Amino acid sequence: MTMESDDDTKLFQSIGLSEQKAKETLKNKQVSSNLKLAIVEASKHGTVTSETGILLYHLASKIKNQISEKLPFISKYVADKRLDTTQRVDVALNYLLSHINEEIDLPSFERECGVGIVISPEEIESEVEKVINEHRAEIVEKRYHFNVGPLMQQVRNTLKWADGKAVKNEFDVQMLDLLGPKSAADLAPPPKPSKQGKVKKPVKEKVQQKNVSAASEKVGAQTISELMKTKVHFHKPGENYKTEGYIVTPNTHKLLEQHLKITGGKVRTRFPPEPNGILHIGHAKAININFGYAAAHDGICFLRYDDTNPEKEEEKFFVGIREMVEWLGYKPTDITHSSDYFPQLYDWAIVLIEKGLAYVCHQSSEEMKGFNPPPSPWRDRPVSESLQLFKNMKDGLLEEGEATLRMKVTLEEGKQDPVAYRIKYTPHHRTGDRWCIYPTYDFTHCLCDSIEHITHSLCTKEFQSRRSSYYWLCNALDIYCPVQWEYGRLNVSYTVVSKRKISKLIEEGIVSDWDDPRLFTLTALRRRGFPAEAINNFCAQMGVTGAQAVVHPNTLEASVRDVLNQTASRHMAVLEPLKITISNFPHENRVKVSVCNFPNEPDKGQHDVVFDEVLYIESSDFKETAEKDFRRLTLNQSVGLKYVGVVLTVKEIEKDNAGNIVNVIVKQESISDSNKPKAFIHWVSNPVLASIRLYERLFKHKNPEDPNEVPNGFLSDINPLSKKEIVGYIDESLGDSAKSFDKFQFERIGFFSVDPDSTPKKLVFNRTVTLNEDAGKM
Numbered sequence: 085m086t087m088e089s090d091d092d093t094k095l096f097q098s099i100g101l102s103e104q105k106a107k108e109t110l111k112n113k114q115v116s117s118n119l120k121l122a123i124v125e126a127s128k129h130g131t132v133t134s135e136t137g138i139l140l141y142h143l144a145s146k147i148k149n150q151i152s153e154k155l156p157f158i159s160k161y162v163a164d165k166r167l168d169t170t171q172r173v174d175v176a177l178n179y180l181l182s183h184i185n186e187e188i189d190l191p192s193f194e195r196e197c198g199v200g201i202v203i204s205p206e207e208i209e210s211e212v213e214k215v216i217n218e219h220r221a222e223i224v225e226k227r228y229h230f231n232v233g234p235l236m237q238q239v240r241n242t243l244k245w246a247d248g249k250a251v252k253n254e255f256d257v258q259m260l261d262l263l264g265p266k267s268a269a270d271l272a273p274p275p276k277p278s279k280q281g282k283v284k285k286p287v288k289e290k291v292q293q294k295n296v297s298a299a300s301e302k303v304g305a306q307t308i309s310e311l312m313k314t315k316v317h318f319h320k321p322g323e324n325y326k327t328e329g330y331i332v333t334p335n336t337h338k339l340l341e342q343h344l345k346i347t348g349g350k351v352r353t354r355f356p357p358e359p360n361g362i363l364h365i366g367h368a369k370a371i372n373i374n375f376g377y378a379a380a381h382d383g384i385c386f387l388r389y390d391d392t393n394p395e396k397e398e399e400k401f402f403v404g405i406r407e408m409v410e411w412l413g414y415k416p417t418d419i420t421h422s423s424d425y426f427p428q429l430y431d432w433a434i435v436l437i438e439k440g441l442a443y444v445c446h447q448s449s450e451e452m453k454g455f456n457p458p459p460s461p462w463r464d465r466p467v468s469e470s471l472q473l474f475k476n477m478k479d480g481l482l483e484e485g486e487a488t489l490r491m492k493v494t495l496e497e498g499k500q501d502p503v504a505y506r507i508k509y510t511p512h513h514r515t516g517d518r519w520c521i522y523p524t525y526d527f528t529h530c531l532c533d534s535i536e537h538i539t540h541s542l543c544t545k546e547f548q549s550r551r552s553s554y555y556w557l558c559n560a561l562d563i564y565c566p567v568q569w570e571y572g573r574l575n576v577s578y579t580v581v582s583k584r585k586i587s588k589l590i591e592e593g594i595v596s597d598w599d600d601p602r603l604f605t606l607t608a609l610r611r612r613g614f615p616a617e618a619i620n621n622f623c624a625q626m627g628v629t630g631a632q633a634v635v636h637p638n639t640l641e642a643s644v645r646d647v648l649n650q651t652a653s654r655h656m657a658v659l660e661p662l663k664i665t666i667s668n669f670p671h672e673n674r675v676k677v678s679v680c681n682f683p684n685e686p687d688k689g690q691h692d693v694v695f696d697e698v699l700y701i702e703s704s705d706f707k708e709t710a711e712k713d714f715r716r717l718t719l720n721q722s723v724g725l726k727y728v729g730v731v732l733t734v735k736e737i738e739k740d741n742a743g744n745i746v747n748v749i750v751k752q753e754s755i756s757d758s759n760k761p762k763a764f765i766h767w768v769s770n771p772v773l774a775s776i777r778l779y780e781r782l783f784k785h786k787n788p789e790d791p792n793e794v795p796n797g798f799l800s801d802i803n804p805l806s807k808k809e810i811v812g813y814i815d816e817s818l819g820d821s822a823k824s825f826d827k828f829q830f831e832r833i834g835f836f837s838v839d840p841d842s843t844p845k846k847l848v849f850n851r852t853v854t855l856n857e858d859a860g861k862m
């Protein structure tokens with residue numbers, strides 16, 4: 085420990101901090117710097133006691149950079165005991181944030197902070213008595229198991245400046261007066277709620293939930309609405325200036341007032357994808373955060389296409405993005421494009437040049453690469469020269485790569501003077517040949533957010549390094565500046581989501597297209613049969629934190645099972661058929677049997693299955709010689725058939741010349757007390773043939789892009805067994821009614837979805853997930 089840090093530790097201990105707390109504080113440079121200044125300023129007005137020290141520590145921890153110059157002012161009020169509670173300090177900080185760049189109106193400030201207001205013990209006693217009487221019957225019934233916390237808060241809300249300890253002490257006194265001393269029953273823990281009616285989760289489900297990251301267990305929720313209402317705490321519209329790092333200018337409050345008039349104080353978000361590929365599972369999180377936050381706060385959300393790169397944009401991507409947003413259940417308030425604002429963006433670029441904050445540069449892209457490139461020799465060229473050159477760029481008088489417009493700003497990561505405009509002689513899908521210069525993300529994004537009066541610019545963590553240019557550019561142009569909030573990306577293991585890499589998989593014929601069910605694009609997950617609700621719930625479980633999450637596919641599949649268990653009707657299908665002939669079939673013709681779509685919920689409808697003398701079972705449900713714990717059909721063991729109440733017993737086995745079993749002849753009996761079977765199996769009679777596609781993970785390793793795991797690149801990591809197509813037997817009721825994307829549970833096998841490749845003559849089913857996690861492991 086240095087002499088200086090040793091002195092600082094003693095200084096912090098002198099105001100009441102423990103040695104450990106003092107050393108922890110020193111690790112945070114900003115807080116320790118604030119605290120040293122607060123102590124120095126407070127000491128000018130008297131001795132700093134431990135009581136005052138607690139408040140100074142609270143002040144040093146809570147004050148934002150926007151009002152850091154006011155720290156001496158608040159420290160004096162703390163030292164003078166006019167701000168004598170953490171509550172008053174918090175109100176003071178909020179007041180100063182709300183009046184940045186204004187002269188402090190001392191009477192207004194003191195009135196807001198309750199300076200000089202004293203709540204007498206008699207007032208506290210009266211208010212506590214009032215709220216206890218309102219809940220007297222319930223308190224008497226529950227005695228000391230009654231939770232008085234909400235009642236204390238109610239008193240604090242009424243008597244805003246009442247001392248918290250005094251309120252608690254008064255509750256203790258009045259509860260004792262009402263109930264008397266605590267009995268043995270009062271000291272015992274309260275009885276646990278009855279478990280009746282709760283469905284016990286399978287053990288395996290608990291194991292699946294362990295795959296969720298520790299962060300999401302703490303901050304996640306069951307639904308997006310719950311997550312956004314209870315777990316996510318962003319700034320209120322119009323209170324942009326209260327967020328950490330937000331830049332406040334002399335015009336900020338005026339701009340915010342205008343902003344609130346335009347928005348009516350409503351939350352405004354946007355989902356701004358580039359239309360150069362299909363959305364993937366990571367985008368699902370972004371969609372849910374942007375649309376979900378707006379919906380949870382009665383706000384609006386735009387779908388804004390970031391169409392500033394005409395070389396890579398295609399109509400199918402515009403359509404696909406909109407379809408996926410709507411598939412997840414969200415309807416944009418409006419669909420906009422960055423190209424809608426090209427004229428305004430160009431005008432603002434001119435303003436930036438005129439202010440000396442942008443210049444035309446002739447360095448090549450190679451010369452500008454990296455984080456320590458040589459400075460541009462054209463950085464200080466005359467404004468008039470940059471204006472003329474920029475006009476020449478717009479008028480098509482310069483070649484591609486010959487010039488760019490660059491902004492005079494340094495990003496957090498150290499990169500200097502990012503490009504604002506570049507030349508591209510590529511027609512734009514919406515503006516045609518009108519423009520041959522196109523703005524970059526760094527220039528476009530924040531300005532479009534400002535134009536649309538976005539309240540919360542929500543983006544993934546990698547854009548944190550762009551936050552400085554985001555705020556700088558809006559403030560340089562003196563326009564409304566939204567707040568940028570970052571959250572961690574969502575990644576899933578055993579896959580790739582890069583547009584370039586998926587394109588490579590398609591080119592190499594490894595997958596069929598962007599919607600191949602082995603991929604984790606949203607179109608692929610929909611085709612495989614993943615319900616939108618399950619994807620949304622999965623995103624809710626992940627929460628909204630700054631940590632990047634790499635999640636095992638099992639976690640997503642668990643969410644899928646949760647939804648399909650409630651929504652996918654049960655049907656019988658056989659994937660590896662074995663012929664069974666009932667020698668004593670008692671009916672002249674086949675029999676129709678009514679089966680519930682959901683066995684435990686008969687109100688959800690029924691369908692008919694055919695029962696006939698010839699039927700098919702899974703070949704794995706019969707063994708000539710079986711292990712001791714095999715519970716299905718053997719030469720010496722009967723088995724029950726689901727839904728028809730009969731037991732089958734083997735009479736004879738027929739084999740072909742190669743020794744393969746081709747038919748098992750059985751006799752049937754009604755179930756009775758004397759011949760109860762050990763198990764019941766599924767079956768089909770008079771089946772319809774269908775193509776069944778069984779999917780496994782596309783890649784063999786968790787991180788196919790990691791050279792440490794896969795030295796030869798992701799294309800060398802393909803699982804050759806990732807897709808298998810077989811002919812399955814399904815019951816007639818499915819053949820008559822199934823449509824594309826319909827979802828079913830094939831009993832004892834898994835969940836399946838009807839593929840769009842299906843025709844009236846042949847159904848195609850994709851296996852969505854197996855019935856449990858173990859069954860899906862390779």
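According to my numbering, the residues represented by the sequence shown are 85 to 862, in order.
Even for Gly, the Cβ is constructed at its ideal location relative to N, Cα and C.
Please read these numbers as outputs of a predicted model, since none were measured by experiment.
Using a threshold of 8 Å, state whether the C-beta atoms of residue i and residue j are closer than that.
{"i": "D864", "j": "S116", "result": "This structure leaves residue 864 out entirely; the chain is present only between 85 and 862."}
{"i": "A380", "j": "S309", "result": "yes"}
{"i": "L495", "j": "S553", "result": "yes"}
{"i": "A37", "j": "N684", "result": "Residue numbering for the chain in the displayed model covers 85 to 862; residue 37 lies beyond these limits and cannot be assessed."}
{"i": "E780", "j": "S806", "result": "yes"}
{"i": "T392", "j": "Y522", "result": "yes"}
{"i": "N621", "j": "Q171", "result": "no"}
{"i": "R832", "j": "A763", "result": "no"}
{"i": "F386", "j": "Y414", "result": "no"}
{"i": "Y813", "j": "A608", "result": "no"}
Look at the alpha carbon of residue i and the alpha carbon of residue j, and state the distance between them as a whole number of angstroms.
{"i": "I216", "j": "L235", "result": "8 Å"}
{"i": "E301", "j": "H319", "result": "Confidence in E301 is poor, its pLDDT being 40 and thus under 50, which makes the residue's placement too unreliable to answer from."}
{"i": "L340", "j": "G322", "result": "6 Å"}
{"i": "L143", "j": "L344", "result": "30 Å"}
{"i": "I384", "j": "N372", "result": "13 Å"}
{"i": "V224", "j": "L263", "result": "7 Å"}
{"i": "I201", "j": "D174", "result": "16 Å"}
{"i": "P156", "j": "A106", "result": "21 Å"}
{"i": "P771", "j": "F614", "result": "26 Å"}
{"i": "G100", "j": "T169", "result": "16 Å"}
{"i": "G593", "j": "D600", "result": "11 Å"}
{"i": "I749", "j": "G819", "result": "27 Å"}
{"i": "I619", "j": "L640", "result": "7 Å"}
{"i": "Q690", "j": "R611", "result": "26 Å"}
{"i": "N559", "j": "S449", "result": "27 Å"}
{"i": "E546", "j": "H446", "result": "28 Å"}
{"i": "M626", "j": "D533", "result": "26 Å"}
{"i": "V853", "j": "C623", "result": "18 Å"}
{"i": "S102", "j": "I147", "result": "22 Å"}
{"i": "K739", "j": "T718", "result": "16 Å"}
{"i": "S541", "j": "R352", "result": "9 Å"}
Going by DSSP, name the residue or residues bridged to residue i.
{"i": "V698", "result": "T665"}
{"i": "L732", "result": "V723, Q752"}
{"i": "Q97", "result": "The partner list for Q97 (beta bridge, DSSP) is empty, contrary to what the question assumes."}
{"i": "A774", "result": "G812, L847"}
{"i": "D687", "result": "The partner list for D687 (beta bridge, DSSP) is empty, contrary to what the question assumes."}
Pull up the CB-CB distance for residue i and residue j, whole angstroms please, since I reckon it's below 8 Å.
{"i": "A616", "j": "F835", "result": "Actually they are not in contact, since the Cβ atoms of A616 and F835 sit about 15 Å apart, beyond 8 Å."}
{"i": "R645", "j": "F682", "result": "Not a contact, Cβ separation roughly 15 Å."}
{"i": "Y700", "j": "P661", "result": "4 Å"}
{"i": "S470", "j": "V444", "result": "5 Å"}
{"i": "L561", "j": "M491", "result": "Incorrect: roughly 11 Å between the Cβ atoms, too far for contact."}
(Q) Extract the residue ranges of the beta strand (DSSP E) inside the segment 236 to 281, only unbroken runs of 3 or more that lie entirely within it. (A) none
Q | 3-residue-minimum beta strand (DSSP E) runs that sit fully inside the segment 319 to 405, ordered along the chain | A | 352 to 355, 384 to 389
Q. What residue ranges within the segment 176 to 238 form continuous alpha helix (DSSP H) runs of no fewer than 4 residues, ordered along the chain?
A. 190 to 197, 205 to 218, 220 to 226
**Q.** Whole runs of the beta strand (DSSP E) within the segment 425 to 457, excluding any shorter than 3 residues
**A.** 442 to 445
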